[in-house]
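Structure, as structure tokens:
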Amino acid sequence: MSSDPPAAAAGHSDPTAGPSAAPAPVQRYAMGIEYDGSEFSGWQRLSKHGEPEREGEITLQGTLEAALSFVAGVPIETICAGRTDAGVHASGQVVHFDSPVRRDPRGWVLGTTSRLPPAMCVRWCVPAAADFHARFSARARRYRYRLLNHPVRPALQRQYLSWERRRLDADAMHRAGQALLGENDFSAFRTVHCQAPHARRDLQSLRVWRDEDVVTVEVQANAFLHHMVRNIVGSLLVVGRGEAPEAWIAELLAGRDRTVAGPTAPPQGLIFLGPLYPDQTCALSGLPKDVSL
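Going letter by letter, the sequence shown gives residues 1 to 293 in full-length UniProt numbering.
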């Protein structure tokens with residue numbers, strides 16, 4: 001004889017059954033990430049979510065999601081503020097993700113970092129507002145490009161500095177770059193593989209300066225096109241070497257022809273400093289002050 005309890009009569013609940021489990025509420029989190037991009041195939045995951053990445057195609061997104069999913073115990077997907085290419089680093093990347101599993105910020109930071117390779121770590125994590133979006137909530141993004149301007153190439157810093165043996169005129173590069181400020185069509189400075197629907201971007205600041213043998217280019221814009229920063233740097237280097245006048249940069253911008261601009265600068269000198277968000281967004285989501293406009 002079966003020992004199973006009798007089924008509840010139609011239209012009546014089983015008094016022995018507990019309440020049905022309601023789906024766990026989802027919490028959105030914002031997280032700050034730092035990484036050395038030298039050994040990664042860029043940010044964007046190349047495999048389907050949840051599938052292991054193929055050898056030689058290890059991405060930052062896939063690596064982070066695997067660590068977060070381990071800590072949460074459920075699959076986690078992330079959205080970042082800015083996708084970086086292979087070899088490009090970040091000191092202030094921001095991502096958001098939704099999780100039905102709640103952890104305190106310290107748990108997310110330490111637990112996730114413990115599952116990441118040495119070239120990547122979590123700097124901070126906060127529970128964010130439900131409408132916070134790492135990409136679409138950002139109003140600006142910042143990049144810094146550094147290169148060693150010296151007859152001898154770098155050894156210890158080769159992954160973090162580009163190299164130019166010929167003496168550069170950093171002041172001329174800075175003056176030339178001011179022609180790019182404002183909202184313009186940056187077709188001359190984007191890769192042919194760029195998938196953006198249009199090339200108009202608002203370049204809010206561009207500075208070039210020298211500190212002994214290191215020349216730095218720092219830019220801020222509402223958003224950037226694929227390879228835009230490295231292509232701008234490559235063209236400014238042509239001016240810095242004295243191979244083109246300062247006015248050439250303005251001519252490139254007006255001509256909108258990528259084929260006549262300078263070459264794409266190498267990736268290893270580029271660091272994504274991170275996005276900037278409106279003060280109100282930062283206040284509602286408890287974001288750190290260094291990501292506030």
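The beta carbon of each residue, even a glycine, is placed where N, CA and C say it ideally should be. None of these values were measured; they are calculated from a predicted model.
Measure from the alpha carbon of residue i to the alpha carbon of each residue in the options, then state which is nearest.
| i | options | result |
| --- | --- | --- |
| E243 | I76, G111, R167 | R167 |
| W124 | P105, E57, R141 | P105 |
| R102 | G177, F136, R54, P127 | P127 |
| P263 | V239, A199, G234, S91 | G234 |
| E246 | A223, A140, A176 | A176 |
| A221 | S38, L276, I33 | L276 |
| A170 | N149, A67, N184, L161 | N149 |
| Q61 | F70, V238, C80 | C80 |
| V71 | G37, V109, H89 | V109 |
| M31 | A134, D202, R241, S69 | A134 |
| G87 | E183, R230, R241, L287 | R230 |
| A223 | L253, D202, E212 | D202 |
Could you tell me the alpha carbon to alpha carbon distance between residue i and residue j, rounded to whole angstroms?
| i | j | result |
| --- | --- | --- |
| residue 326 | R45 | Beyond the ends of the chain as shown, which are 1 and 293, falls residue 326; an answer cannot be given. |
| S205 | V95 | 24 Å |
| P154 | Q268 | 12 Å |
| A265 | T281 | 34 Å |
| R54 | S47 | 8 Å |
| Y29 | W163 | 39 Å |
| C121 | G92 | 11 Å |
| R165 | L236 | 15 Å |
| Q159 | M228 | 20 Å |
| A261 | R200 | 17 Å |
Is the distance from the Cβ of residue i to the Cβ of residue j below 8 Å?
| i | j | result |
| --- | --- | --- |
| residue 295 | L225 | Any question about residue 295 goes unanswered here, given that the chain covers just 1 to 293. |
| I271 | L180 | no |
| T84 | E65 | no |
| R144 | E218 | yes |
| residue 303 | L68 | Residue 303 is absent from the structure shown; the chain starts at 1 and stops at 293. |
| V192 | R256 | no |
Under the three-state reduction of DSSP, which class applies to residue i: helix, strand or coil?
| i | result |
| --- | --- |
| R230 | helix |
| I271 | strand |
| D279 | helix |
| T59 | coil |
| W43 | coil |
| A254 | helix |
| H193 | coil |
| S187 | helix |
| E65 | helix |
| T264 | coil |
| D171 | helix |
State the CB to CB distance for the pair residue i and residue j, rounded to an integer number of angstroms; the pair is presumed to be in contact (CB under 8 Å).
| i | j | result |
| --- | --- | --- |
| S41 | T63 | That pair is no contact at about 10 Å. |
| Y35 | A119 | 6 Å |
| P100 | V26 | 5 Å |
| P278 | R139 | 6 Å |
With respect to 7 Å, is the separation between the Cβ of residue i and the closest non-hydrogen atom of the ligand HEM below this value?
| i | result |
| --- | --- |
| T216 | The model on display carries no ligand, and the ligand HEM is accordingly not part of it. |
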